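Each residue of the sequence shown is one higher than the last, beginning at 16 in my numbering.
One structure is given below, encoded as structure tokens.
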Amino acid sequence: MLIQIFENILIVIVLLFGVPFLFTVMLSKLNQETKSLVASHLGIRSQVFIGGIGVMIHEASHWLMALIFRHRIDSVRLIKFPTQDEPTLGYVNHSWDPNSIYQRTGNLFIGLAPTFGCSLIMLLAYKILFPISFSSAILAVKNSDLQAFSLPEFSVAGYVIFILLAITICVGGFDLSSADFNNAKQGLIPALITIIVITVLLSLTSLFSGMLTGIIHFTIGIAIILAFNLVISIIINWLAKLV
């Protein structure tokens with residue numbers, strides 16, 4: 016029984032934390048390099064024109080999660096033109112009560128929020144532009160049947176809009192800074208403890224299988240979205256190096 020509970024804990028941690036974190040690191044490294052290349056070739060302000068929508072989604076994701084976890088919002092700037100002295104493209108300055116476990120745990124979700132915020136916007140865009148394909152994708156993930164997935168319906172405007180949106184979100188949104196990662200670390204321990212306690216309790220009941228199924232579907236869905244954005248990021252990075 017103890018071995019099974021340990022295995023359950025390991026599986027849940029890998030699915031909920033490991034997979035999204037791995038993609039987040041890879042996307043951040045790639046797009047940080049891409050933004051540096053873009054800035055060196057086209058000027059520092061070009062980052063706003065190419066990745067502006069992504070930057071705003073990035074900062075809005077931080078802001079929303081900070082509000083959910085009841086952090087004090089000191090100042091917000093969703094987007095701004097960078098300078099040599101002030102290279103940031105946007106910011107959300109917030110503070111919290113270190114004695115509050117809830118607010119401390121929130122730092123993990125606030126720090127990693129852009130990964131999920133940008134993924135959600137990409138998902139919504141896909142649903143709006145390619146509704147038939149979106150429905151088939153949901154069915155494929157739910158039933159673990161890739162044959163149920165159908166390619167996006169042909170639309171020149173749809174493809175152009177989606178690709179341009181993917182580019183700006185990849186370049187400006189999937190780009191967690193060292194400050195974002197450091198902030199996330201502060202909430203990692205309490206978040207892990209919470210997940211472990213929940214997993215142990217549910218492992219003693221019949222509810223665990225349902226929870227695990229939901230986590231698996233969530234992880235597969237987020238992995239597909241992040242993998243797509245990783246491919247886009249690799250292509251953009253490669254093109255930036257050719258310029």
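Quick reminder that beta carbons are idealized off the backbone N, C-alpha and C, glycines included.
As the structure is a computational prediction, the values presented were derived from the model and not from experiment.
Start and end residues, alpha helix (DSSP H) containing residue i
i	result
His86	No alpha helix (DSSP H) holds His86; DSSP gives it neither H nor E.
Val107	Looking at the DSSP string, Val107 is not in any alpha helix (DSSP H); the run it does join, the beta strand (DSSP E), is 106-110.
Glu48	34-57
Gln118	116-144
Ser224	223-257
Pro205	193-218
Val27	17-28
Gly173	171-187
Inter-residue Cα distance where the pair is residue i and residue j
i	j	result
Leu257	Leu245	18 Å
Ile184	Leu79	18 Å
Ile68	Leu180	8 Å
Leu203	Leu17	24 Å
Gly66	Ile182	7 Å
Ala81	Phe64	27 Å
Ala199	Ser248	23 Å
Leu42	Leu222	34 Å
Phe189	Ile210	25 Å
Ser134	Phe169	22 Å
Val186	Ser61	11 Å
Ile250	Ala172	21 Å
Val53	His232	36 Å
Ile24	Val215	7 Å
Ser165	Pro102	43 Å
DSSP bridge partner residues for residue i (one or two, in chain order)
i	result
Val91	Val107
Beta-carbon separation (whole angstroms), residue i vs residue j, contact threshold 8 Å
i	j	result
Ser110	Asp89	6 Å
Leu138	Ile240	6 Å
Thr120	Pro35	In fact, because the Cβ distance is near 16 Å, the residues do not count as touching under 8 Å.
Arg85	Gln47	Not quite, the Cβ-Cβ distance comes to about 30 Å (not below 8 Å), so this is no contact.
Tell me, please, whether the segment 226-240 touches the segment 94-114 by the rule of three or more beta-carbon pairs shorter than 8 Å.
Counting Cβ pairs under 8 Å, fewer than three are found: no touch.
Segment contact flag, the segment 93-105 with the segment 69-77, C-beta cutoff 8 Å, min 3 pairs
Yes, since at least three Cβ pairs between the segment 93-105 and the segment 69-77 fall closer than 8 Å, the two stretches touch.
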